[in-house]
Structure formats: C-alpha cells, structure tokens
Amino acid sequence: MFRTTRLVTALAAAALVLAGCGSSDSEPEIASHGAYNDADVAFATQMIPHHAQALAMVDLTHGRPLDPPVQEIVQQILDAQTPEIETMAGWLDDWGRKVPATMNDHMHADEGGMAGMDSDSDTPGMMTADEMAGLESASDAEFQDMWLEMMVRHHEGAIEMAKTESQDGKFPAALDLADSIATSQAKEIGTMKALLAR
C-alpha cells in the first residue's frame, strides 16, 4: 500500500523549490525549453488543481479495504500525478505565472479535511465539495465503487483538457505531457470500468 506521507513530502519539496527558484537574470530562461502560448499556461494552471484533487481522492483511500487491483490504480495515480504537479508548477514559475494555491492547500488537507479542494466549474471532471465530502463519509462497503466511479469521471475530464492542449498548445514538454496523460488515463479508465463491471 502506498504511503500518503510520500505525497505530502513530494509536494512540500516542490513548494520549497518554487519558493527559491526565481531567476536573477533579466531574461527568462524560456528559449532553451521552447516557446509557449496561453493554451499552455491554461493547461498547467487548470491541471495542477485537477491533479491535486485526484491526489486528495488518493488520500481518502488510506485505511480503506480495497481490492488489490484498485490498490494498484491508486498507486499508479500517486506515482504519476505527484511529479506531474511539480513539473507543471515549474513551468508556470519559469513563465512568471502564478502557481495555483490549491497545490499548497492539498499539502495541508489533513488540517482541514477537504478544505481548499472545491471544484472549479470551468475545469472538466472536477468533483464538487459535496461529492468529496460524500466520498470521505462513505461506508467501507460503498467506498470502493464510489471512488472508482468518481475517478473515471475525473480522468475523463483530464483527457478532455489534454486533448485541448494537444490541439491548441505550443510548448513541447506540455504537448508531450498532454499526450502522456491522455494515453495513461484512458488505459486506467478501461481498467476501472472493468473493475466496476465485475
């Protein structure tokens, strides 16, 4: 089973890096990484809180009785999305853009339940605060299927965002990440739907 402390540690480390990574050079170090556009900024800005909510859902599995294949999905999400948040936050910092506060909110989610994890109505696939609270309070008998159903919707939203980036984005690394997200999460959706159908 995964350790939620790995998630908190990773996000805390990313926050510390971002706090001290402002460049003293007058010219931003963007050219070596490729040009970017507003679609790239929107992709990173929306995907960070979207990933953070997925990781909050991962946190909610701690201590719950899960079937081994579901535990594998949980671990895959943790392993993939934690470094992706760090990567996208780094892009925004390089571009002189604001890193969504939700990243820090998630690090302190244990201090206030799901506070700070409210849905952004403009971000596809985000759960509402009521849905997150419902998942948190679900019985053990209800939890696994509810979690899978919600994560399928969440992944579908991420794929929609990734497709938009693939169509409209310009930054090479963001385009690569969008392709990776669309491919990996489509595969996970297939696995989760199969688990729900058992």
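Those letters in the sequence shown? Residues -19 to -1, 1 to 179, by mature numbering (1 follows the signal peptide of the UniProt record, and there is no 0). A virtual CB, placed ideally from N, CA and C, is assigned to each residue, including glycine. Owing to the predicted nature of the structure, the values given are computational and were not obtained by experimental measurement.
Verify whether the separation of the beta carbon atoms of residue i and residue j is less than 8 Å.
i	j	result
Ala155	Ala25	yes
Val51	Gln166	no
Met142	Pro81	no
Asp21	Lys168	no
Leu129	Leu177	yes
Around the Cβ of residue i, are there at least 16 other Cβ atoms within 10 angstroms (buried) or fewer (exposed)?
i	result
Gly138	buried
Glu146	buried
Asp40	buried
His135	buried
Ser161	exposed
Ala175	exposed
Taking residue i as the reference, give the member of the options with the closest Cα.
i	options	result
Glu65	Thr172, Ile170, Leu158 and His43	Leu158
Glu53	Ile140, Thr172 and Ala33	Thr172
Asp121	His31, Ile162, Asp160 and Arg45	Arg45
Thr164	Ala61, Leu73, Gly71 and Asp19	Ala61
Ala37	Ile140, Glu112 and Ala175	Glu112
Less than 8 Å between the CB atoms is what I'm expecting for residue i and residue j, so what's the real figure, rounded?
i	j	result
Met69	Met28	6 Å
Met107	His31	6 Å
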